[in-house]
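Residue numbers (this note's numbering), protein chains in the order written: chain Y, 136 to 610; chain C, 136 to 610; chain V, 136 to 610; chain S, 136 to 610.
And the structure:
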């Protein structure tokens, strides 16, 4: 940790060095720029690394220009780096948000399984798509961990990339002493849902924000569960039964409304359906929750899933570039002004907490050290944590009811097996996990063919595996 | 334990009192009669209890008549009992083999799920049929345990009834100090398979019997696994890879050969397929193994399963009375002679071991006390055990590879949940397990309807449950 | 939880009902009065129960008089109760600080073992004194738990009584759904020590308060350990080695200075000696730490312990009434003014947090739910926790190094056995724990005699035990 | 495994290659010679390695001469080896029984602690002597394990050397795939005691042998416990209470009788005293049991321990050469005839079992794989096991009562810490275990001095440790 020397103006600022892997992105990187420039008590340097160096350079240029604005904290410097070692050298924090070329990978993850009758709503965490994405990510994250070990062994690594659990777990498997957490939005949505419930059911409650909701979360990323929620000491779970009744059927929801723009629509129908059956609220978006069991996505036509108020994210939605580049041109040319917003992201608050400025409590993905005692030790789980200058300390979340635990364990076991397979380069072992994915309900022969076909299509991204020796590829 | 007084002729015989629940059966009860009458160093009384008293009385009559034969140990007395308390009073051993009326229960277990596209090869352990059978069995086995606690608290209870795991587990849940084990044949078949392999691959091996095969078994009943096998110190697993190759496709097997008589045919195709993928041999019949994962029974037509050398057991095969009654008439009338056979059953050897006569090692179903440390403590598991005058001591079997453990755990968790549901009379809780059955890959709404329909058809046998308060029955 | 109605003046106050068991005390009860009257956003009623009703009444009188002072929050009412049920009826919070008559119990706990060569510095937690005190406390705390279950099942119970672990553990054993924590000062002292170290070693650090120290605590009450400490992100453990050197021998310490007034002196010599040997800092006063292992109190004369900068607390120091009653007379007569102080106690902050007003992080004694995964689940341990309107959630503290764990486990096992013995009324079982107390290094016969003698002297307070059937009392 | 070719005479013999480390001994090696020559169905070669090559050569000469005797199995060859690699090359079995020069090591282990007031009855397992002996043994056993890994990776290693637990544990720590067990006599003595009890209490029981006693053993070597014992199904624990009464005071025992010849006398007084207090019978000799807790050896004069019917083994008893060499001369010169005896040792039966000839059940020291689920996984524990051609499979022994577990755990934790210290060469870590030895009740300063003095005296045997960097050696 670097502390600023005694110049009067910076006395109250902690100076930090941030390395950003995937620093050319228009999403997470812009959010970071937005957030650090609005934070008064941090200062320092952000080194942006990206396989697309130009993109990182554009982000650096944009951000440096913004530092001169009067509403920005000017004590930041941004720089693009061609080499990841340079970007991470002596970093206090490392942020990761990376992605393989979508058309060569993610598109297959989604489209090929559909030919075998397996539909996924997201395909980035579990199911056939999640398995392949995990296999691709593990070698990449080993390399990141190795770079951290060498360049900045004490840095805090903050990961945004999916599959969240596998990426974060890989960091710890490669470099057990790493300081790393994974951050995900999904639980915030659940807090917003509960804030809304507080407003509607608790007397005198108004303008309740998600931050005010104390929710006990446990499980794993995208298959997180809430078993208690309070707003200023007021128990909110007592209202869920009533809320459940009102949501049958989806209030004011007409499946027809789900058009091409609404891939990310979420009506919490599955979250409540899980509550109905298991007594705990699913604490992630329905698109994610649906993929961890076979019951929701047992469909013959994509439209059927709309009964739950969600739709499949087609692969086309993934390749669409969006407005990123055009907007960036406008920013850089001065045709459009970058507007500072309240991003709602915690990353800067977390850095402030780790610098010892102000502790916070939030949910994180972190290896299980007892916070969920009924899940395997060392597996990456999602619970609340307290973050202080002393580091990240997960808060005990308690056990899951047996059948919920059983579903979560199936996913955890598969993730752990994929880690083993990834480190060993062993696709036959990976296929063991593939067979045990809940969405893989097809015949054992079809499962093998599907796996082999996916590997074949994404061969270029699986060069760290023993492709020759894999029996699964031969039938 | 009763010991014979000092009359010269009986000096070497241990005298035991056996209570038999289901003592009117033509199967297990006849085997017991066959076995005890051929055993020289035990003597005593067998009290036969059955809801069908006449059947028990016929068995007693037959057996008593046999005692006078010169090739029989004459020191046994058989008696039919109208009251289970009388049958168990002061018993040293209690044997259980019971069944509900098949047409009112088992037939539905098999036929109703087929209407929802769920096919089962046996339907007595897991899957929709296994769940319903478990729900029916739990109250019955609670009553048996309570009777044991009252009438013969130190007796050894030997269970043959399916679902083996749930029945045995219920005994311990109701009466934790009970001495009980469950016995099943399936592993013997695996030993026979391995004996055959020994003969074919090991030089000079000939006439190898199943008993000579040391096999390390672990897992749960009907989903048991073998990870090591030796014949007189000779490692047999080294030959499995070659054997696997020779069995692709099934040697000399034509699916067309599977006619109505061949419900129980088994070509170990699935046992070897599991070996192929997971490195451990499935140590139960393929009909059972197929039901613990969705890949084999993901079929649209019943015939498709024949690709694995097995066929579905139709419900008609279950209602067929067989030759039992006619044969019994012939025995009693003297028209046919009961022929003593080598049954291959272990029950008499086990009683001899528990009497301190001769220790044996065999596989049993018993609560997990560390024999499989990666499965939950207290769950009923299947491993080898040593049986001596000091009791039954399971032998440590070691851990399962992660993905095998994951599959087994799913079943164990469901069984444990069914126990909880059975003791609480809670069908909503039972439905949680139902949803997590690997064969239940149908849509969540269909799953609910199927469960409700099964409960409705078998209502008479589920009177210990809260049928009124169950939300699952209402949609 | 009661919320105040809408009168303007109280709009921002949470109204709470507090039941106080031991409400006649001059120590803890006065602190509570001091603290609640200085808290602006709580209001309500404090019901004081004490076996000495007069004392409770005096406290109530004093406190009510104080409410009219301008510097006090006047929205509180205090009342003395003759019946514990009345005191706890509908309480939101229950506070416990009780003690048996010292001359009939504690004096023996200290003096009798000395005749056997066993010296204790405190004798309220472990060792012969701790065992006897535990045996006396368990029936009392069972009764408290039963009263809570009946009168205020959802209340939060805050315990101050020693033996802290056994008392808190008893509450949960009797009433598993209780909400209870135990609070102790000792860790605050460690934080003060570390604050002092921060000031001396960290550049620019000045006026560091104990609250600013983030310390990771784990273990059990009075045998707590710290393995990490930070001040605003600045690692303090890096200075301990130097500090250790400077403290050899005790800086400026002359054992002769330990006069009659200095029973509570603490120079952290043992805390640092443990750090020297085990790498973790003892996080309790040396007087407590010394009692958990045999090495420090292996002395022949009481003075020898002064080598560690502490002295034995003689039983006379326990019977000394102190200035309590005289002072109280002065308060009530108006001859002396009760002065509000900054008590440093957390109890009011904790109540505010549980009311949803402001979360806090502090260390608490609480059943182990994973916060220290290498200690038995359910045992009461001491770690940090986050307290919010949703309750108390312990923070994961991680494992202890093996040999530290071994020492802590010995104490935990004894505490758990004492709980079993207390609930069963079984002194023979209690003696098993007694034999395994680290300070009980005397001959097995002497150990038995000592135990029997202590039981005999304190017979009146052990009426819940089977005194007749205890073999240990007979030799 | 080697199998004999087809010569008619040897058809029924398994041919094995045995490597013996410590093959010059007069004790264990002579027993092995005695046993293999009387075994009909094994044959092969025994390679004797010893640091004293002459001694090994003499043993080989003696044994080879014996093969020609008519009452011996002549199919064995014995050879002395100068190099341990040669002795172990391609071995099927490796036997270890080694010892450091007693005057330079063991004598100090016993005598030095006495100067600090610490008396040990054996000093080879725990306490100061046990710690030092462990530290010396670990590097030696690492080397043995490494040699096995290289020369005969699949061999079964049978260890007789103390400290049994630490030696066996070291083998597995160095080479996790090793096949190794440790064998010890102590439990046989307990079986003999129980056989005697059977004869005296059970009607008609006569000539009961130790082998006939089924005893459930658990714990660790020399601190083993029995919680059940049966003779042909007859529960023997029901008589222990009566037996206990009769043994107070020791029947016919006068401490004066313990002369210089009676170091190994054992009256089971401590075994029964433990039963009296904890409900389980100590299942090792009293000399060993006494060292695991501080109560028995809390003595001021060596004679005091005789109250328990045992005496200290003085160091002089250890240096006494006994009749070994003289006897050997007589054997070799033909002046005395080596007489075959019934040794009672199991090693040949175990080899026969592992060769697939005949399974046996006996107690062994083996890593914990679930056989004692309440002790740490991987620690070496002592329980029954079944040995077949498939290997050694420990039998589940169940949990220990909490306070017994607590005592055993203290020893296990120390043993595990010594392993860590031995592998790291870290004497400061070793001293952590030393401090936690139950017999180390002396002052912390005295403990340090004692440890440093022992290390200093045995420096030559501790060259694998970091003697320079050890803070404990400096005060």
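Idealized CB from N, CA, C, for every residue including glycine.
Please read these numbers as outputs of a predicted model, since none were measured by experiment.
* **Within 8 Å, strictly: CB atoms of residue 515/V and residue 262/V** => As a first step, residue 515/V must be located in the third chain, where it is residue number 380. As a first step, residue 262/V must be located in the third chain, where it is residue number 127. Not in contact: residue 515/V and residue 262/V (Cβ atoms no closer than 8 Å).
* Asked: Count the other CB atoms within 10 Å of the CB of residue 429/V; is the residue buried (16 or more) or exposed (fewer)?
  -> Your numbering for residue 429/V matches position 294 in the third chain. That one is buried.
* Given that residue 401/S touches chain V, what residues does it touch there, using C-beta distances under 7 Å? -> Counting from one through the fourth chain, the residue named residue 401/S turns up at place 266. Under the 7 Å cutoff, chain V gives no residues; its nearest Cβ is about 18 Å from residue 401/S.
* **Where the alpha helix (DSSP H) containing residue 195/C begins and where it ends** => In the second chain, the residue the question calls residue 195/C occupies position 60. Per DSSP, residue 195/C belongs to the alpha helix (DSSP H) from 188 to 201.
* **Interface flag, residue 538/C vs chain Y, CB-CB below 8 Å** => As a first step, residue 538/C must be located in the second chain, where it is residue number 403. It does: the Cβ of residue 538/C has a partner Cβ on chain Y nearer than 8 Å.
* Min CB distance residue 541/C to chain A below 8 Å -> Protein chains in the displayed structure are Y, C, V and S, and chain A is not among them.
* **Counterpart residues of residue 216/V in DSSP-defined beta bridges** => Working through the third chain from its first residue, we reach residue 216/V at position 81. 184/V.
* **Secondary structure of residue 332/C, DSSP reduced to three states** => Residue 332/C sits at position 197 when you count from the first residue of the second chain. Reduced to three states, the DSSP call for residue 332/C is helix.
* Please classify residue 145/S: does DSSP put it in a helix, a strand, or coil? => Start at 1 with the first residue of the fourth chain, and residue 145/S comes out as number 10. With a pLDDT of 40 at residue 145/S, under the threshold of 50, the modelled position of that residue is not reliable, and no figure is offered here.
* Asked: Is the beta carbon of residue 357/V sitting closer than 8 Å to the one on residue 321/V?
  -> Looking up residue 357/V in the third chain gives position 222. Looking up residue 321/V in the third chain gives position 186. Result yes, Cβ atoms of residue 357/V and residue 321/V sit closer than 8 Å.
* Asked: What does DSSP give as the partner residues of residue 228/C in its beta bridges?
  -> The residue you call residue 228/C lines up with position 93 of the second chain. Answer by DSSP bridge pairing, in chain order: 153/C, 291/C.
* To do: Throw me the rounded Cβ distance for the residue 231/Y and residue 292/Y pair, which I believe falls under 8 Å.
  => Position 96 of the first chain, counted from the first residue, corresponds to residue 231/Y. Position 157 of the first chain, counted from the first residue, corresponds to residue 292/Y. That pair is a contact at about 7 Å.
* To do: Name, in chain order, the residues that DSSP records as bridge partners for residue 353/C.
  => Indexing the second chain from 1 puts residue 353/C at position 218. Residue 353/C is bridged to 360/C.
* How about residue 423/S: is its C-beta nearer than 8 Å to some C-beta of chain V? -> Position 288 of the fourth chain, counted from the start, is the residue given in the question as residue 423/S. Under the Cβ criterion of 8 Å, residue 423/S is not counted among the residues facing chain V.
* Anything in chain S within Cβ reach of residue 582/V, meaning under 8 Å, just list it in chain order. => Your numbering for residue 582/V matches position 447 in the third chain. Under the 8 Å cutoff, chain S gives 430.
* Please list the segments of the alpha helix (DSSP H) lying wholly inside the region 513 to 589 of chain S, counting only runs of 4 or more residues, in order along the chain. => 537 to 559, 562 to 570
* Asked: Measuring CA to CA, which of 371/C, 354/C, 229/C is closest to residue 338/C?
  -> Position 203 of the second chain, counted from the first residue, corresponds to residue 338/C. Of the listed residues, the one whose Cα sits closest to residue 338/C is 371/C.
* **Beta carbon proximity, residue 249/V to chain S, threshold 8 Å** => Mapped onto the third chain, residue 249/V falls at position 114. Closer than 8 Å: no.
* Asked: Looking at C-alpha atoms only, which residue of 546/V, 564/V, 155/V, 415/V is the closest neighbour of residue 533/V?
  -> Working through the third chain from its first residue, we reach residue 533/V at position 398. Measuring from the Cα of residue 533/V, the nearest candidate turns out to be 415/V.
* To do: Provide the residue(s) that pair with residue 499/V in DSSP beta bridges, ordered along the chain.
  => For the purposes of this step, residue 499/V is identified with residue 364 of the third chain, where counting begins at 1. In DSSP, residue 499/V forms a bridge with 518/V.
* Asked: With residue 491/C and residue 369/S assumed to form a contact (beta carbons below 8 Å), what rounded beta-carbon distance in angstroms separates them?
  -> Reading the second chain from its first residue, position 356 is the one you call residue 491/C. Reading the fourth chain from its first residue, position 234 is the one you call residue 369/S. 7 Å between Cβ atoms; contact.
* From 235/S, 152/S, 494/S, 564/S, residue whose alpha carbon lies closest to that of residue 523/S -> Start at 1 with the first residue of the fourth chain, and residue 523/S comes out as number 388. Checking every option, the nearest Cα to that of residue 523/S belongs to 494/S.
* Assign residue 272/Y to one of two classes, buried (16 or more other C-beta atoms within 10 Å of its C-beta) or exposed (fewer than that). => By one-based count along the first chain, residue 272/Y stands at place 137. Residue 272/Y is buried by the Cβ-count criterion.
* **Where residue 346/Y meets chain V, residues with beta-carbon distance less than 7 Å** => Taking the first chain and counting its residues from 1, one reaches residue 346/Y at position 211. Chain V residues near residue 346/Y: none, gap ~11 Å exceeds 7 Å.
* Using 10 angstroms around the beta-carbon of residue 244/S, count the other beta-carbons present and answer buried if the total reaches 16, otherwise exposed. => If you number the fourth chain from 1, residue 244/S lands on position 109. When all chains shown are included, residue 244/S counts as buried.
* Bridge partners - residue 168/Y, DSSP secondary structure assignment -> For the purposes of this step, residue 168/Y is taken as residue 33 along the first chain, with counting starting at 1. Answer is none; residue 168/Y lacks a bridge partner.
* So what's residue 139/S in DSSP terms, helix, strand or just coil? -> The count along the fourth chain starts at 1 and reaches residue 139/S at position 4. Note that residue 139/S has pLDDT 29, beneath the 50 cutoff, so the model's placement of it is unreliable and no number is given.
* Cross-strand partners of residue 315/C (DSSP beta bridge) -> Mapped onto the second chain, residue 315/C falls at position 180. Bridge partners of residue 315/C: 292/C.
* **Euclidean distance between Cα positions of residue 138/C and residue 488/S** => Residue mapping note: residue 138/C aligns to position 3 of the second chain, counting from 1. Residue mapping note: residue 488/S aligns to position 353 of the fourth chain, counting from 1. Low local confidence applies: a pLDDT of 35 at residue 138/C is under 50, so the model's placement there is unreliable, with the coordinate-based value given in what follows. C-alpha separation (whole angstroms): 33 Å.
* To do: Consult DSSP for residue 163/S and reduce its assignment to one of helix, strand or coil.
  => On the fourth chain, residue 163/S is found 28 positions in, with the first residue counted as 1. In this structure, residue 163/S counts as helix in the three-state DSSP scheme.
* Buried versus exposed, by CB contacts within 10 Å (16 or more), residue 146/V -> For the purposes of this step, residue 146/V is taken as residue 11 along the third chain, with counting starting at 1. Here the model assigns residue 146/V a pLDDT of 49, short of 50, so the residue's position is not dependable, and the following value carries that caveat. With fewer than 16 other Cβ atoms within 10 Å, it is exposed.
* Asked: Nearest chain Y C-beta to residue 587/V closer than 8 Å, yes or no?
  -> Taking the third chain and counting its residues from 1, one reaches residue 587/V at position 452. No, residue 587/V lies away from the interface with chain Y (no Cβ there is under 8 Å from its Cβ).
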